[in-house]
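>
2 protein chains.
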Amino acid sequence: MLEFVFHNPTKIVFGKDQTQRIGEFIKEKRCLLLYGGGSIFKNQIYERVVESLKNYGKEWIEKGGVKPNPVLSFVYETIDLARKEKVECILAVGGGSVIDTAKAVALGYFYEGDVWDFFIKKVEIQKALPVYVILTLAATGTEMNRYAVITNEKTKQKFNIDSELVYPVVSILDPVNTYTVPKEQVAYGCVDAMLHLLEGYFTQTYPNTPIQDGFVETLVKVLMETTQKIFESPQDYDSRANFMWATTLALNGLTTAGIGSFGFPNHIIAHSLSAFYDLPHGETLAIVFPAWLKYKFSEKKDRISKFGEAIFKERDPEKVIEKLENFYTSIGVSVRLSQVKIPEEDIPALAENAYGFAKIRNLENYTPQVIAEILKLAK
Amino acid sequence: MLEFVFHNPTKIVFGKDQTQRIGEFIKEKRCLLLYGGGSIFKNQIYERVVESLKNYGKEWIEKGGVKPNPVLSFVYETIDLARKEKVECILAVGGGSVIDTAKAVALGYFYEGDVWDFFIKKVEIQKALPVYVILTLAATGTEMNRYAVITNEKTKQKFNIDSELVYPVVSILDPVNTYTVPKEQVAYGCVDAMLHLLEGYFTQTYPNTPIQDGFVETLVKVLMETTQKIFESPQDYDSRANFMWATTLALNGLTTAGIGSFGFPNHIIAHSLSAFYDLPHGETLAIVFPAWLKYKFSEKKDRISKFGEAIFKERDPEKVIEKLENFYTSIGVSVRLSQVKIPEEDIPALAENAYGFAKIRNLENYTPQVIAEILKLAK
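Top to bottom, those sequences are chains A and B.
Using the numbering used here, read the first sequence as starting at 389 and increasing by one per residue.
Using the numbering used here, read the second sequence as starting at 389 and increasing by one per residue.
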């Protein structure tokens with residue numbers, strides 16, 4: 389195991405009927421309540437939240453309308469509002485897009501320049517508003533980590549920040565809040581969380597990490613099994629709960645602590661697909677990842693066997709990739725560019741765009757040529 | 389999964405050559421440097437620590453002499469010293485005994501009454517000095533948790549505290565610092581950490597917890613495998629590192645979050661053995677646990693099978709217990725009272741003592757009769 393620092397200060401409050409406790413945890417007086425497309429009004433989440441805020445004497449303003457693949461222009465708008473209203477904290481009620489927007493606003497609030505500077509690593513993050521979370525969509529893990537991903541619509545860049553200042557202070561994870569999440573969102577969340585685990589597992593530079601390997605394999609198995617159970621019974625508490633906790637643990641730093649340097653090449657390529665075609669992040673990952681495994685086949689085949697043994701009781705690496713594709717297909721997720729109508733002639737432009745992101749993430753060996761070859765394996 | 393709150397704010401700094409960074413992490417000016425029997429003078433740990441403290445302009449006083457199964461009288465003494473010297477934090481350099489003593493001193497410092505009041509749950513903990521840790525013995529997990537265990541020599545009680553105020557602020561885990569830990573200590577650490585995992589695994593009240601199960605099974609496997617490797621090559625970095633991180637994760641709240649209520653019955657019984665005979669905690673656990681499994685056999689046999697399948701690829705529950713005993717024996721740990729010369733006629737008094745602790749831990753069903761029956765299975 390290589391050296392690491394692990395420090396995750398987010399308090400997780402997990403379980404049924406925890407949503408209405410939010411007021412108890414917020415220390416500040418004035419909140420910005422941020423949400424997405426308005427599903428929180430349909431399933432009583434909104435009522436529970438505002439009643440709790442009232443009970444604890446909080447003041448708040450509201451802003452809805454965060455969209456999937458959240459965009460920079462919305463972040464700018466929300467920073468202006470937050471400043472005008474002098475809020476002291478942000479309460480994100482939603483999924484990854486709402487939380488990531490909250491994180492971006494939280495640090496843009498104190499910065500006089502362009503908040504995008506943080507995403508292109510032009511300036512260092514110094515200060516952020518506290519962020520609180522009520523999670524309504526299990527997928528990204530942002531509720532317990534130091535990352536946020538925002539898309540700059542003008543430059544077509546989907547970039548991330550990484551700072552200990554944006555760990556949410558408290559995240560409430562109530563599985564009941566996800567009962568109405570539709571199948572395709574569950575499937576995308578499953579793929580996303582799997583890739584959070586597997587990018588590290590397949591790119592790590594330090595080999596002897598049985599704890600991290602076992603944790604990744606456990607979480608991947610739970611994600612796959614619970615996704616299938618949720619498809620059968622969308623209101624099964626245990627399946628929603630196990631799925632939710634697995635997605636959170638998939639990117640909270642635990643499974644990558646000590647594995648040495650690692651990259652997120654599949655995310656980089658998938659982000660380009662999302663930025664160009666506004667496709668769901670989970671779907672683009674399911675298209676890219678099997679192709680990446682094929683591209684890296686000779687280098688990674690032992691690791692693919694180990695993974696296959698743990699997940700599918702299958703050691704033949706070619707069959708492991710096939711079983712993985714079959715799993716994605718079984719939960720209704722595309723595994724080829726053609727299935728989402730991306731023509732082959734778009735590959736060079738996509739590869740060029742992804743390379744821009746690769747450079748920022750210190751993955752310069754993912755040249756446009758390499759990325760194009762990977763994408764060709766996903767035709 | 390049942391509802392839970394998970395909040396572990398300890399910063400872990402893990403790896404080679406991290407010891408000398410301690411000064412960088414301590415915010416306060418005046419420290420009490422606490423240690424045990426003096427092994428830190430033999431392996432350069434002491435020099436590295438004080439040089440770092442000097443470099444960062446810290447002042448400190450020192451107190452050594454914490455013994456295994458740390459005692460209350462030493463805690464009293466150290467509180468007096470800490471007050472007289474007006475220290476602002478405690479730096480524990482050692483294993484579980486040193487760290488638990490540091491935690492007890494940290495909260496006794498601010499309390500005008502008897503610090504033992506916290507252990508018998510007579511008063512609520514309100515305030516504690518910050519505790520920093522340099523771990524030199526991997527076993528108890530106290531370096532990343534909210535517990536401390538102290539023995540009251542007068543009353544022969546080995547009791548614990550449980551408070552979020554005693555999470556260490558920073559714990560440095562440098563596997564190299566454990567190269568000189570002798571085999572028997574490694575073996576006891578292995579048993580102790582295994583039981584931290586398995587008490588929850590075998591007593592949990594909520595059944596559907598595949599994440600926690602997988603994490604427990606992973607960590608138990610790693611503990612067993614690395615113990616054997618350390619026996620062969622005491623200075624193998626990876627084995628020491630994986631063992632160390634496994635012992636820390638074994639009791640940091642992660643594997644028990646969501647499993648419902650659970651007990652530590654084996655610890656309770658084992659604590660009595662340690663309190664009466666000053667036997668190593670790990671050894672008493674290895675004696676008690678197989679007997680407990682036999683006592684609970686009909687109720688737990690499915691769980692024993694699941695455990696056996698994951699660890700030994702063996703589903704026959706009787707054979708699983710036998711393999712567990714064989715493992716303990718293979719690493720030189722006793723599994724019978726007779727091996728440590730505890731006569732059968734002592735069982736009633738031991739059972740009576742353990743029952744006192746059981747009541748405090750809300751395990752009233754562990755009557756003296758029940759405990760005596762379990763101990764008879766360990767003759």
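For glycine and all other residues, C-beta sits at the position ideal for the given N, C-alpha and C.
So, is the C-beta of E732(B) closer than 8 Å to a C-beta in chain A?
Walking along the second sequence from the start, residue 732(B) turns up at place 344. E732(B) does not count as touching chain A.
> Does DSSP put D502(A) in a helix, a strand or coil?
Taking the first residue of the first sequence as 1, we reach residue 502(A) at position 114. Reduced to three states, the DSSP call for D502(A) is coil.
> Is there at least one non-hydrogen atom of the ligand ZN closer than 7 Å to the beta-carbon of P458(A)?
Looking at this structure, you won't find the ligand ZN or any other ligand, since it has none at all.
> Using only CA atoms, which one of S660(A), S551(A), G648(A) lies nearest to P397(A)?
Position 9 of the first sequence holds residue 397(A). It is S551(A) whose Cα lies nearest to the Cα of P397(A).
> Would you call G588(B) buried or exposed, if buried means 16 or more other Cβ atoms sit within 10 Å of its Cβ?
The residue given as residue 588(B) occupies position 200 in the second sequence. The residue is buried, with at least 16 neighbouring Cβ atoms inside 10 Å.
> Any residues in the region 621-636 of chain A with a beta carbon nearer than 8 Å to a beta carbon of chain B? Which ones, in chain order?
D626, A629, N630, W633, A634
> Between I599(B) and chain A, is the shortest Cβ-Cβ distance under 8 Å, so that the two count as touching?
Start at 1 with the first residue of the second sequence, and residue 599(B) comes out as number 211. I599(B) counts as touching chain A.
> Considering only C-alpha positions, which residue in the set S485(A), Q757(A), K764(A), F715(A) is nearest to P731(A)?
Locating residue 731(A) in the first sequence gives position 343, where the first residue counts as 1. For the residues S485(A), Q757(A), K764(A), F715(A), the minimum Cα distance to P731(A) belongs to K764(A).
> Please report whether the beta-carbon of N640(A) lies at a distance below 8 Å from any beta-carbon of chain B.
Position 252 of the first sequence holds residue 640(A). For N640(A), no Cβ of chain B is located within less than 8 Å of the residue's own Cβ.
> Is the region 675-682 of chain B touching the region 611-618 of chain B, taking contact as three or more C-beta pairs under 8 Å?
Here the region 675-682 of chain B makes no contact with the region 611-618 of chain B; the two share fewer than three CB pairs at distances below 8 Å.
> Return the CA-CA distance between K707(B) and G696(B), expressed in angstroms with no decimal places.
Within the second sequence, residue 707(B) is the residue found at index 319, counting from 1. Within the second sequence, residue 696(B) is the residue found at index 308, counting from 1. The straight-line gap from Cα to Cα measures roughly 9 Å.
> For a contact meaning CB atoms closer than 7 Å, what does F603(A) contact in chain B?
Translated into positions along the first sequence, residue 603(A) becomes position 215. Result: F603, T606.
> Under 8 Å between C-beta atoms, does E416(B) make it to chain A?
One-based indexing of the second sequence puts residue 416(B) at position 28. Interface flag for E416(B) against chain A is unset, since no Cβ pair is found closer than 8 Å.
> Short of 8 Å in beta carbon distance, which residues of its chain neighbour G821(B), apart from the five on each side in sequence? Order them along the chain.
It is not possible to answer for residue 821(B), since the shown part of chain B is limited to 389 through 767.
> Using only the alpha-carbon positions, how far apart do H584(B) and H655(A) sit?
Here residue 584(B) is taken as the residue at index 196 of the second sequence, counted from 1. Here residue 655(A) is taken as the residue at index 267 of the first sequence, counted from 1. Using only the alpha carbons, I get a separation of about 37 Å.
> Let me check understanding here. Comparing Cα to Cα, which of I699(B), Y716(B), G651(B) lies closest to E671(B)?
One-based indexing of the second sequence puts residue 671(B) at position 283. The residue with the shortest Cα to Cα distance from E671(B) is Y716(B).
> Ordered along the chain, which non-local residues of its own chain (more than five positions away) have a Cβ less than 7 Å from that of V667(A)?
Here the question's residue 667(A) lines up with position 279 in the first sequence. It is Leu, not Val, that sits at residue 667(A) in the sequence shown. Once the five neighbours on either side are set aside, the close Cβ partners of L667(A) are L661, V728.
> Taking the alpha-carbon positions, what's the E713(B) to T606(B) distance?
Counting from one through the second sequence, the residue named residue 713(B) turns up at place 325. Counting from one through the second sequence, the residue named residue 606(B) turns up at place 218. C-alpha separation (whole angstroms): 19 Å.
> Among residues of its own chain, excluding the 5 on either side of D505(A), which ones have a beta-carbon nearer than 6 Å to its beta-carbon?
By 1-based counting over the first sequence, the position of residue 505(A) is 117. Cβ neighbours of D505(A) beyond the five flanking positions: V511.
> Using CA coordinates, which residue listed in A645(A), A674(A), K474(A) is at the minimum distance from H659(A)?
What you label residue 659(A) is simply residue 271 of the first sequence in a count that begins at 1. It is A674(A) whose Cα lies nearest to the Cα of H659(A).
> Round the Cβ separation of D488(A) and V438(A) to the nearest angstrom and send it over; I've been treating them as touching at under 8 Å.
Start at 1 with the first residue of the first sequence, and residue 488(A) comes out as number 100. Start at 1 with the first residue of the first sequence, and residue 438(A) comes out as number 50. Rounded, the Cβ-Cβ distance is 23 Å, inconsistent with contact.
> Considering only residues of the same chain and omitting the five flanking positions on each side of A634(A), which have a CB-CB separation below 6 Å?
Numbered from its first residue, the first sequence carries residue 634(A) at position 246. Within the same chain, Cβ atoms closer than 6 Å to the Cβ of A634(A) are found at L607, V610, L611, the five residues on either side in sequence being excluded.
> At least one CB of chain A closer than 8 Å to the CB of Q592(B): is that the case?
The residue you call residue 592(B) lines up with position 204 of the second sequence. No, Q592(B) lies away from the interface with chain A (no Cβ there is under 8 Å from its Cβ).
> What residues match up with I538(A) in a beta bridge as DSSP calls it?
Locating residue 538(A) in the first sequence gives position 150, where the first residue counts as 1. DSSP, once it has assigned bridges, lists F547(A) as partnering I538(A).
> Give a yes or no on whether the minimum CB-CB distance between F685(B) and chain A is below 8 Å.
Numbered from 1 along the second sequence, position 297 holds the residue referred to as residue 685(B). By this cut-off, F685(B) is not an interface position.
> For the beta strand (DSSP E) containing E732(A), name the first residue and the last one.
For the purposes of this step, residue 732(A) is taken as residue 344 along the first sequence, with counting starting at 1. Note, E732(A): premise wrong, no beta strand (DSSP E); not H, not E.
> Closer than 7 Å between beta carbons: that is the criterion. Which residues of the region 398-410 of chain B meet it against chain A?
K399, I400, V401, F402, G403, K404, Q406
> For G452(A), which option in R436(A), F429(A), P622(A), I735(A) has the closest C-alpha, if you only look at C-alpha atoms?
The count along the first sequence starts at 1 and reaches residue 452(A) at position 64. Comparing Cα positions, the closest option is F429(A).
> Does R418(A) come out as helix, strand or coil in the three-state DSSP assignment?
As a position in the first sequence, residue 418(A) is number 30, starting the count at 1. In this structure, R418(A) counts as strand in the three-state DSSP scheme.
> Let's test the definition: count the other Cβ atoms within 10 Å of the Cβ of Q600(B) and tell me whether it reaches 16, buried, or not, exposed.
The residue you call residue 600(B) lines up with position 212 of the second sequence. Label assigned to Q600(B): buried.
> Classify F394(B) as helix, strand or coil using the three-state DSSP reduction.
Against the second sequence, residue 394(B) aligns to sequence position 6. F394(B): strand per DSSP, three-state reduction.
> Taking 8 Å as the CB-CB cut-off, is N540(B) touching chain A?
The count along the second sequence starts at 1 and reaches residue 540(B) at position 152. Output row for N540(B): interface = no.
> Could you check whether P518(A) and V481(A) sit closer than 8 Å to each other, using their CB atoms as the reference points?
Indexing the first sequence from 1 puts residue 481(A) at position 93. Indexing the first sequence from 1 puts residue 518(A) at position 130. No, Cβ-Cβ distance for V481(A) and P518(A) is not below 8 Å.
> Mind checking if F619(A) is an interface residue toward chain B, Cβ cutoff 8 Å exclusive?
Within the first sequence, the letter at position 231 stands for residue 619(A). So, not an interface residue.
> Looking at the C-beta of L390(A), does it have a partner C-beta in chain B at a distance below 8 Å?
The count along the first sequence starts at 1 and reaches residue 390(A) at position 2. Yes, because at least one Cβ of chain B sits closer than 8 Å to the Cβ of L390(A).
> Going by CA-CA distance only, name the one from A766(A), L441(A), I467(A) that's closest to E500(A).
As a working mapping, residue 500(A) is identified with position 112 in the first sequence. Of the candidates A766(A), L441(A), I467(A), the one whose C-alpha sits nearest the C-alpha of E500(A) is I467(A).
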